[in-house]
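Chains as they are written, first to last, in the working numbering: chain D, 11 to 511; chain Y, 277 to 438. In this text, a Cβ means the ideal position worked out from N, Cα and C, and glycines have one as well. First comes the structure, then the notes that go with it.
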């Protein structure tokens, strides 16, 4: 009963009134961040990180706040999917397929409550899965040497590239942009600057927060300027909100199956929540068959992607905590947060800092309950938030981003760099080049190179050392398969098109 | 088609330049001769190959905005750049009101709401940051000397600033 005593430790950390208050604030903020179109979980968390630092929160409090925001954003994504037919974040895309048709039938309230319950089931089961699986995986992770870590990072980039984009070359370029940026700065082993072009501002390297906020938040402003903020008004009516017990009961197996599918998809390094909701929806669709009428607003079509998406969000924490390899863009940002709080994720985290891990898990459980309570009776409050017009929202987000980055270093250089990343993000997204690999590259580039260098030093420069152990060979094969397979499966696994009016 | 090819060409040139720069990385006794160069060169090589694929197998052309939108976005970049350099010498309120107002006008071109959005966001966010969150390095306003102002703006002019 190791888990129970550990969990007791976790709750003793996470259940103080102050951290509870932070959890509630985080859940509320997170739901708003997830619900607003154009403000996804990764940039939402990224914008909040610098502000968390300046508030001077300690490691546990900061983690509780940020994971609540993370889970909250996963809940919130469904609100704009259902009401506006615009996914609030990428994983919520699948929720639009049945959520919006159901809302148009005048059952917007039912759709919101049902998806909220599905989110709860998915997230709860995933958190339980995380508790059971993570300590085991942490023990396996002790077998990982530099060669294995290098292969694992490679696997993360390959699967991410395979899933996130329609064009492998483009996702490879995106990863290279990120990795290339990560190399800039003073080299840790020689103490000499690399690739800085003699610019003193670059000696410290480029802060990933600058890149994330630029690529996501600032780029979004350009998209809104292009479209003049059109298409962000609520087209469906929200009447009384009741709990549709019949639908919840009808979809119980769908929720359980989708949670399992989503959790597994989340664990794969690099795959993340979008894959989770996609696979969950497609599985349920094929189980239901033609008679299931998926895509016309059926309850199962709403429950499946939401349970899958939230389960994947929990699953993505497994590789992040045990191996230090994030499973999605947002967990990458959370990893960044951990590293800045001087917590190094990895197998030793479970033995050295149990209060952090189990406090985190306990706060996930708390956040989940808070979110269910918030999202079912109070869903109307969040619907009100969606009515904030784009011409107030986007300038506001931009200014918050500027202040956040400015409070990090107080330097104009970072701000200019952030604008440059914004322009880059706009161009990349226009060309259908995914931006998440760029972030992951900047974040993991240093560790990946470190693993390679240690492997090369250990083996005295023998390249074959990288493939020498069964684990590393397996990871290489998985990486190559993850990169190549989508090319052939593209016709089979085509993403369903969103419904149009 | 053309966009992908142009972008591929740009990344190809960047990748080659990156590899060239990587060969010039200084090394010393502690780092060994080739280790600091190895990974950057690998990245450059992968990027170069991917760029070639993009040039020879481009995707369909994306929907680029009309030239008017380009102008608007260019203007937004300039506004944000000025905001970035003026935030320190002029304090928070005035630059924020201008930047937020202009951005708001660009998203929805109506003068009065944009004006109000600028003022409202500037004061509202200042109160939020300064008093609710207690961020230290935000100052309401500063009156800069002309020399300081020029120093800030000259950052944006190539080869003049530093």
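Contact annotation, residue 424 (chain Y) with residue 365 (chain Y): C-beta distance approximately 5 Å; criterion of less than 8 Å satisfied. Under the three-state reduction of DSSP output, residue 292 (chain Y) falls in the helix class. For residue 203 (chain D), the secondary structure class from DSSP, reduced to helix, strand or coil, is strand. Along the region 386-406 of chain D, the positions whose C-beta sits under 8 Å from a C-beta of chain Y are 399, 400, 401, 402, 404, 405, 406, read in chain order.
Taking a contact as a CB-CB distance under 8 Å, the pair residue 423 (chain D) and residue 228 (chain D) does not count as one, their CB atoms being some 15 Å apart. Note: residue 196 (chain D) is bridge-paired with D:203 in the DSSP secondary-structure output. Inter-residue distance for residue 278 (chain Y) and residue 334 (chain Y) is about 8 Å (C-alpha atoms, whole angstroms). Rounded to whole angstroms, the Cβ separation of residue 294 (chain D) and residue 264 (chain D) is 5 Å, and the two are in contact under 8 Å. Spatial neighbours of residue 90 (chain D) in its own chain (CB-CB distance under 8 Å, excluding positions within 5 residues in sequence) are listed in chain order as 45, 46, 47, 96, 97, 98, 102, 396. Contacts with chain Y (Cβ-Cβ distance below 8 Å) from the region 28-40 of chain D involve no residue at all. Of the candidates Y:353, Y:375, Y:349, Y:429, the residue whose Cα lies closest to the Cα of residue 410 (chain D) is Y:375. The region 453-461 of chain D makes no contact with the region 128-144 of chain D: fewer than 3 CB pairs, one atom from each, lie closer than 8 Å.
Contact of residue 361 (chain Y) with chain D by beta-carbon distance below 7 Å involves 422.
Taking C-beta atoms as the reference points, residue 157 (chain D) and residue 489 (chain D) fail to come closer than 8 Å. Distance between residue 410 (chain Y) and residue 372 (chain Y), taken at the CA atoms: about 18 Å.
Sequence-distant partners of residue 301 (chain Y) (beyond 5 residues in either direction) whose C-beta falls short of 8 Å from its own C-beta, in its chain, are 312, 313, 316. In chain order, 357, 358, 361 place their CB closer than 8 Å to the CB of residue 432 (chain Y), counting only its own chain and leaving out the 5 sequence neighbours on each side. Look at residue 417 (chain Y): its C-beta is not under 8 Å from any C-beta on chain D. Minimum Cα-Cα distance from residue 491 (chain D) among the listed residues D:72, D:20, D:165 corresponds to D:165. Under the Cβ criterion of 8 Å, residue 420 (chain Y) is not counted among the residues facing chain D. Within the same chain, and ignoring the five residues on either side of residue 421 (chain D) in sequence, the residues whose Cβ sits closer than 8 Å to its Cβ are 211. Three or more Cβ pairs closer than 8 Å define a contact, and the region 48-57 of chain D falls short of that threshold against the region 328-337 of chain D.
Put simply, the backbone Cα of residue 370 (chain Y) is about 24 Å away from that of residue 58 (chain D).
Proximity of residue 296 (chain Y) to chain D, defined by a Cβ-Cβ separation below 8 Å, is not satisfied. Between residue 126 (chain D) and residue 82 (chain D), the gap from beta carbon to beta carbon reaches 8 Å or more. It is roughly 14 Å from the alpha-carbon of residue 430 (chain Y) to the alpha-carbon of residue 421 (chain Y).
In terms of Cα proximity to residue 297 (chain D), the closest of D:307, D:267, D:325 is D:267. For residue 434 (chain Y), not one C-beta of chain D is nearer than 8 Å to its own C-beta. Between residue 279 (chain D) and residue 335 (chain D), the beta carbon gap of about 5 Å places them in contact (Cβ cut-off 8 Å). Counting C-beta pairs with one atom in each stretch, the region 377-392 of chain D and the region 189-196 of chain D have fewer than three that are closer than 8 Å, which means they do not touch.
According to the DSSP assignment, residue 365 (chain D) belongs to the alpha helix (DSSP H) that extends over 364-385. Between residue 222 (chain D) and residue 449 (chain D), the beta carbon gap of about 5 Å places them in contact (Cβ cut-off 8 Å). Within the same chain, and ignoring the five residues on either side of residue 159 (chain D) in sequence, the residues whose Cβ sits closer than 6 Å to its Cβ are 461.
Taking a Cβ-Cβ threshold of 9 Å, the residues of chain Y close to residue 433 (chain D) are 349, 353, in chain order.
Inter-residue distance for residue 73 (chain D) and residue 323 (chain D) is about 15 Å (C-alpha atoms, whole angstroms). Closer than 8 Å to the CB of residue 364 (chain Y) there is at least one CB belonging to chain D.
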